[in-house]
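Take a look at the structure below.
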Amino acid sequence: MWLCLDCGKETEPNEELIYCPNCGSDGVPADTSKRLNISITWHELRCIVMWAERWASSSSDKKNSERLLRVVYGIADRIQVQHLDQECGLTFASELSELRAHITGTIEQNVIREIDPPKLPD
Ligand SMILES: [Zn+2]
């Protein structure tokens, strides 16, 4: 199967397919037959994901930045659901969300661009 990194939809491989049939993305899909298991600590993974999140957020092109962030968040979500036993999320946005849920008042930050949460496919 091909996995669209923009929307998370899996489709049958088809060499004639140019765009994701679900979201229209022209990004290169991931081949799910090439999934692998790696050994890494949650903290190491958080570092990598947060650096990617920060990099995606830093693009001066807002539309491109938001697309890149959705890709990072989609990947983080797919990893997160495999490890629901972890005490915290993989992204700065998830940490921020947890803080906001527990603190009264406004929390402002200038670390990442904030976007609406990505919608996972059914
Ligand atoms: Zn898609």
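This note's numbering applies: residue 184 is where the sequence shown begins, and numbers increase by one. Just so you know, even glycine gets a beta-carbon here, dropped at the ideal spot from N, CA and C.
- By the 16-neighbour rule on beta-carbons within 10 angstroms, residue 184 is exposed.
- Ranked by how close their Cα comes to the Cα of residue 226, the residues 205, 258, 274, 206 have 274 in first place.
- Short of 8 Å from the beta carbon of residue 194, and not among the five residues preceding or following it, lie these beta carbons of its own chain, in chain order: 184, 185, 187, 200, 203, 204, 205, 212.
- Comparing alpha carbon positions, the residue from 215, 278, 291 closest to residue 230 is 278.
- For residue 298, there is no enclosing alpha helix (DSSP H), since its DSSP letter is neither H nor E.
- If you draw a 10 Å sphere on the C-beta of residue 252, you find 16 or more other C-beta atoms in it, and that means buried.
- According to the DSSP secondary-structure assignment, residue 214 is paired through a beta bridge with 185.
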